[in-house]
Amino acid sequence: ATAMAAAPTQEGHGLTGAWYRAKDGSDRNDLTRFTFEESNFLGSVRTGNLNGENFRPMIADLIGSGDDSQFVLAQFTGELEVPKEEAYTFYMTGDDGFRLYIDGDLVIDFWCQKWELEQKSQPVTLREGRHDIKVEYLQGWGGAWLKMEWESPSIAREILPESALFQSKENYYKDAKTALGAEIEKCERAYQNIAGSAQVKAKLEEAIQRAKDVRDQDYSDVEEVDEIILAMNQAAAELSEIKTELYLSV
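Going by the working numbering, the residue at position 106 of the sequence shown is 116; the numbering climbs one at a time, nothing skipped.
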């Protein structure tokens with residue numbers, strides 16, 4: 011069986027794929043339908059990396075159809091961590107077209123309805139540390155996949171690994187906030203509907219308020235983001251633990 015593009019396996023790693031529905035059409039040379047500004051947003055999906063696995067099951071879920079005709083676009087965004095300063099070369103292959111940007115610079119441009127034609131960037135000198143990365147993708151009909159590789163003087167050519175890709179701080183913050191909000195709602199329902207220990211319910215009520223205070227924090231600089239994300243994850247874990255305690259106290 012063909013594998014489906016997988017979600018990240020490491021906390022905070024991977025890319026965020028924002029998917030859009032383009033206009034249908036039969037002319038492969040007409041790319042005017044593949045514009046993000048004129049396409050309808052379908053949803054965001056996390057992926058570990060772009061390793062050639064099949065997008066079609068995911069696309070079918072997003073558009074509600076498994077037909078060969080898909081007509082979608084995606085923008086995969088995140089951060090690329092470079093282990094040392096040197097020249098990096100990127101390779102991409104897919105079905106259909108794509109663009110690769112590093113720190114806002116276009117390094118591979120293959121924006122067309124063609125497939126399985128490998129594209130190679132010019133060497134790009136990158137400093138050690140993290141860099142913005144964005145891949146734009148278009149898909150008409152038939153097969154749907156992308157593979158992204160890299161190499162450098164110190165790295166043999168390989169699929170760009172999940173370990174080198176990170177969710178952007180903004181997306182990671184939003185995910186943590188959404189998860190904490192969902193846990194708060196579950197705990198509020200449990201507090202209202204479960205006739206458990208009064209002592210545990212009081213503890214849960216206090217934890218819910220602390221979690222709301224954490225959720226409602228904003229951040230003003232990059233250093234603070236990590237602290238808030240950690241606090242939100244800890245608050246969600248505390249709520250889950252006390253909620254379980256409440257159920258067991260019935």
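Using N, Cα and C, we set each Cβ at its ideal position, and we do this for glycine too.
For residue i, count neighbouring Cβ atoms within 10 angstroms of its own Cβ and tell me buried if that reaches 16, exposed if not.
{"i": "Leu-240", "result": "exposed"}
{"i": "Thr-12", "result": "Bear in mind that the predicted position of Thr-12 carries a pLDDT of just 35, short of 50, making it too unreliable to give a figure here."}
{"i": "Ala-247", "result": "exposed"}
{"i": "Asn-203", "result": "exposed"}
{"i": "Gly-74", "result": "exposed"}
{"i": "Phe-51", "result": "exposed"}
{"i": "Lys-33", "result": "exposed"}
{"i": "Lys-253", "result": "buried"}
{"i": "Asp-105", "result": "buried"}
{"i": "Gly-114", "result": "exposed"}
Looking only at C-alpha atoms, which of the options sits nearest to residue i?
{"i": "Asn-39", "options": "Ser-173, Lys-157, Gly-150, Arg-220", "result": "Gly-150"}
{"i": "Ala-221", "options": "Ser-250, His-23, Thr-87, Glu-47", "result": "Ser-250"}
{"i": "Glu-47", "options": "Ile-73, Ala-84, Leu-72, Asp-236", "result": "Ala-84"}
{"i": "Ala-26", "options": "Phe-86, Lys-213, Leu-41", "result": "The question names Ala, yet the displayed sequence has Thr at residue 26. Answer by Cα proximity: Phe-86."}
{"i": "Glu-146", "options": "Val-117, His-23, Arg-66, Gln-209", "result": "Val-117"}
{"i": "Gln-80", "options": "Gly-88, Phe-44, Glu-172, Arg-199", "result": "Phe-44"}
{"i": "His-23", "options": "Leu-41, Tyr-257, Tyr-183, Ile-238", "result": "Tyr-183"}
{"i": "Asp-268", "options": "Glu-255, Trp-29, Asp-185", "result": "There is simply no residue 268 to check, as the chain begins at 11 and stops at 260 in what is shown."}
{"i": "Ser-164", "options": "Thr-99, Thr-19, Gly-58", "result": "Thr-99"}
{"i": "Asn-61", "options": "Met-102, Arg-140, Lys-94, Glu-255", "result": "Met-102"}
{"i": "Lys-196", "options": "Tyr-257, Arg-66, Lys-94, Gly-53", "result": "Tyr-257"}
{"i": "Leu-127", "options": "Glu-138, Asp-142, Glu-91, Lys-157", "result": "Lys-157"}
{"i": "Val-210", "options": "Val-260, Gln-132, Gly-88, Ile-112", "result": "Val-260"}
{"i": "Pro-93", "options": "Glu-63, Thr-135, Arg-109", "result": "Thr-135"}
{"i": "Glu-63", "options": "Val-82, Leu-41, Trp-155", "result": "Trp-155"}
Quick check on DSSP: helix, strand or coil for residue i?
{"i": "Phe-46", "result": "helix"}
{"i": "Ala-186", "result": "helix"}
{"i": "Asp-105", "result": "strand"}
{"i": "Glu-138", "result": "coil"}
{"i": "Ser-173", "result": "helix"}
{"i": "Gln-219", "result": "helix"}
{"i": "Val-260", "result": "coil"}
{"i": "Gly-24", "result": "coil"}
{"i": "Ile-239", "result": "helix"}
{"i": "Lys-33", "result": "coil"}
{"i": "Asn-39", "result": "coil"}
{"i": "Ala-13", "result": "Annotation note: pLDDT 39 at Ala-13 (below 50); position unreliable, no value reported."}
{"i": "Ser-178", "result": "coil"}
{"i": "Thr-19", "result": "coil"}
{"i": "Gln-130", "result": "Reading off the sequence, residue 130 comes out as Lys, not Gln. Correct three-state label for Lys-130: strand."}
{"i": "Ala-205", "result": "coil"}
Any heavy atom of the ligand ATP within a distance shorter than 7 Å of the CB on residue i?
{"i": "Leu-214", "result": "The ligand ATP is not part of the structure shown, which contains no ligands of any sort."}
*Evaluate contact between the stretch 206-222 and the stretch 186-194, counting only Cβ atoms and requiring at least three cross-stretch pairs below 8 Å.*
yes
_For the structure I just gave you, are there three or more beta carbon pairs, one from the stretch 120-128 and one from the stretch 161-181, closer than 8 Å?_
no
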